[in-house]
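*Asks:* Using the working numbering, read the sequence shown as starting at 72 and increasing by one per residue.
Before I ask anything, here is the structure I am working with.
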Amino acid sequence: MLKNIFDPQYVAGLTVAISVIASAGPFGWVAPIMNLILDEESELYETSSELSWMVVMPEIGNLFFSIPAGMLADSWGRKPLILLSGPVFVLTWVVILYLSKSYLILSVMRFLQGISVSIVFTVVPLYMGEISSADQRGAITSMFSNAFFLGYLLEYCVGPYTSYFTFTAFTATVPVLFTLAFMFQPESPYLLLMKGKEREAVEALARLRRDQSEEKLSAELEEIRTSVKEYLENTTSMKDAIETASDRRALLVVLLIGSVRLLSGGFVLTSYSTNLFTISGPSYLSPDVLTIIMGAILFLGGFVNTFIVDRFGRRPLLIASCAGCFFCTCSLSAYFYLTAMSSHYSIYSWVVPSVIMVYSVFMVMGLCPALMTYTSELFTAKTKGAASSISSVNLTVIASLSVKMYQVVVDTYGLYAIFSIFSLFCLLGTVLLYKFAPETKGKTFTEIREGLVLTTKKQNGSSNKNNNCLA
């Protein structure tokens, strides 16, 4: 497996993953300085309501640009659009570095960062899926989640132990590194064939499959031609993502995974982790160290997932992830309810960090990597851009709602109430994903689409049969 890391498709995947590390910066940057922001004597002081808006501002920028990003991914290209995200990140961090005392300027810069985030979240999964061979696609697309949590971990490790200026400057160096490295990687062969650039597509694929025989290379190129043929013969619009029953099923699965991932508390915990560890009570470890441990679990767990996703399959890991998160959020809800009723239970404050660590393991086992993997695998060349844009809009809206819901519910009812809500969404997600999520392990794009069609026909036939019986 380690030998594969030097495979050109892995090198391209790892290089573009640096942009994902950079996109984690706007989110991970908040947690280490949150207690400073909430300190009324700090120059960066914000109220809890202002803070929640500042946290979600990148998501609002993401929402603003998600659909244009999907369209530009097809018209302009995967590589140039992804490459553009780097300079935008650098510029905004430089402004934040010197003008962050202004809440308005800080909010505007984080909104602009959200535009770069939308490019990364919409286009990078497409690029990763399209440069990967069928047997390596799961591992390469899983790099997205791994890189995202590595970005969080870097922020968690550096933030508590450096000055605000040094911390922000460090965050700005990641997109610089990405810009310099990614400019030397090839464009997606799928995109090149869509543009009618046959020779460039052959060269890009040959570069990505350096050790592959000419016969296998020709067979894969022919499959790519088949996949993009539909795109070349038809105009693309947002409604194409729901045009057929199999497309609707694919979109349903992706929207379910994204919604459950966020409504189970994933985004809230990574953003408010240090603050949550602080208010949960005393511990043998400081809140900053606990946050670093959580970040390490998310990153290392995602790294392990990269190597097991093609062995155990997407579907089993996804369902186990949902069920495990349900157990953890139920446990946290029960603990916070008991401590709200009686201070006697506060001596068990170790429960909170322990359960959150277990929650992190379950989250990174399936819900986090599965979203990007399924996004890259379930859609045709024609619908992939539109579906990715719809998925990004869904993620942005749900993430924003989850953060505001957290702030309002916690301020009004307490922590036990919000974790009760998270647990209900975990339970609902477990049931729905068990019913609808397909297995795609080791399958080509064509085989995956055929499986969606057959499953949809089978479900429709069963429904019609039941209706006939009732009649």
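All C-beta atoms, glycine included, are put in the ideal place defined by N, C-alpha and C.
Let's see if you can read the secondary structure: which residues bound the alpha helix (DSSP H) around L154?
*Replies:* 149-170
*Asks:* Are the CB atoms of F98 and P129 within a distance shorter than 8 Å?
*Replies:* yes
*Asks:* When you compare only the Cα positions, how much space is there between F253 and A83?
*Replies:* 8 Å
*Asks:* Contact defined as beta carbons within less than 8 Å: I believe V245 pairs with G373. What is the distance between those atoms, to the nearest angstrom?
*Replies:* Their Cβ separation, rounded to whole angstroms, is 17 Å, which puts V245 and G373 out of contact at 8 Å.
*Asks:* Assign E521 to buried or exposed, taking buried as 16 or more other Cβ atoms, counted over all protein chains shown, within 10 Å of its Cβ.
*Replies:* The Cβ neighbour count for E521, taken over all protein chains shown within 10 Å, is under 16; the residue is labelled exposed.
*Asks:* Is the CB-CB distance between E258 and G148 below 8 Å?
*Replies:* yes
*Asks:* By Cβ distance below 7 Å, which residues in the same chain neighbour V195 in space, the five residues on each side in sequence not counted?
*Replies:* V87, S90, V91, I153, F215
*Asks:* What number of angstroms, rounded off, separates the C-alpha of A240 from the C-alpha of R296?
*Replies:* 45 Å
*Asks:* At the level of alpha carbons, what is the spacing between L73 and P440?
*Replies:* The predicted model places L73 with a pLDDT of 49, which falls under 50 and marks its position as unreliable; any figure quoted below should be read in that light. Going by the C-alpha atoms only, they are around 20 Å apart.
*Asks:* What do you reckon, are the CB atoms on G222 and I186 nearer than 8 Å?
*Replies:* no
*Asks:* Is it the case that the Cβ atoms of S447 and L333 are separated by a distance below 8 Å?
*Replies:* no
*Asks:* At the level of alpha carbons, what is the spacing between L262 and F136?
*Replies:* 21 Å
*Asks:* Could you spell out where the alpha helix (DSSP H) holding S90 opens and where it closes?
*Replies:* 79-99
*Asks:* Alpha helix (DSSP H) containing W124: first to last residue?
*Replies:* 119-146
*Asks:* Who are the near neighbours of T212 in its chain, counting only those whose CB is closer than 6 Å to its CB and skipping five residues on each side?
*Replies:* Cβ neighbours of T212 beyond the five flanking positions: M199, G200, M443, T444, S447.
*Asks:* With respect to the alpha helix (DSSP H) encompassing L449, which residues constitute its N-terminal and C-terminal limits?
*Replies:* Here L449 belongs to no alpha helix (DSSP H), and DSSP marks it neither H nor E.
*Asks:* Which first and last residues belong to the alpha helix (DSSP H) in which S354 is found?
*Replies:* It is not in any alpha helix (DSSP H) - S354 carries neither H nor E in the DSSP assignment.
*Asks:* Consult DSSP for D110 and reduce its assignment to one of helix, strand or coil.
*Replies:* coil
*Asks:* Could you tell me if S543 is buried or exposed, where buried requires 16 or more neighbouring beta carbons within 10 angstroms of its beta carbon?
*Replies:* Residue 543 falls outside the range modelled here, since the chain spans only 72 to 542, and no answer is possible.
*Asks:* Are the CB atoms of E566 and R386 nearer to each other than 8 Å?
*Replies:* For residue 566 there is no data in the structure shown, the boundaries of the chain being 72 and 542.
*Asks:* Check whether the segment 391-403 touches the segment 423-435, counting contact only when three or more Cβ pairs, one atom from each stretch, lie closer than 8 Å.
*Replies:* yes
*Asks:* Could you say which of S113, T362, V273, V299 lies nearest to L288 if we only look at CA atoms?
*Replies:* V273
*Asks:* Cutting at 6 Å between CB atoms, please list the residues of its own chain near Y505, excluding the five before and the five after it.
*Replies:* I390
*Asks:* Let me know the secondary structure DSSP gives K475 once reduced to three states.
*Replies:* helix
*Asks:* Only counting the same chain, and skipping five residues up and downstream in sequence, which positions put a Cβ closer than 6 Å to that of F493?
*Replies:* S335, G336, T400
*Asks:* Mind checking whether F192 and R320 have CB atoms under 8 Å apart?
*Replies:* no
*Asks:* By Cβ distance, which residues of its chain are closer than 7 Å to K455, with the 5 residues on each side in sequence left out?
*Replies:* L197
*Asks:* Does the beta carbon of F383 fall short of 7 Å from some heavy atom of the ligand HEM?
*Replies:* Absence of the ligand HEM is noted for the structure shown, with no ligands found whatsoever.
*Asks:* Helix, strand or coil for L115, going by three-state DSSP, please let me know.
*Replies:* L115 falls in the coil class under three-state DSSP.
*Asks:* Under three-state DSSP, which class holds F493?
*Replies:* The answer is helix: DSSP assigns F493 an H, G or I state.
*Asks:* Tell me which residues share the same chain as M125 and place their Cβ nearer than 7 Å to its Cβ, disregarding the 5 neighbours each side in the sequence.
*Replies:* E117, L177, S178, R181
*Asks:* Short of 7 Å in beta carbon distance, which residues of its chain neighbour Y235, apart from the five on each side in sequence? Order them along the chain.
*Replies:* I104
*Asks:* Decide if E286 is buried, meaning its Cβ has at least 16 other Cβ atoms within 10 Å, or exposed.
*Replies:* exposed
*Asks:* Do the segment 458-475 and the segment 344-354 make contact, defined as three or more Cβ pairs closer than 8 Å?
*Replies:* no
*Asks:* Enumerate in chain order the residues of its own chain whose CB-to-CB distance from S156 is below 7 Å, with the five nearest sequence positions on each side excluded.
*Replies:* S90, S187, I190, V191
*Asks:* Alpha carbon to alpha carbon, how far is T341 from A290?
*Replies:* 43 Å
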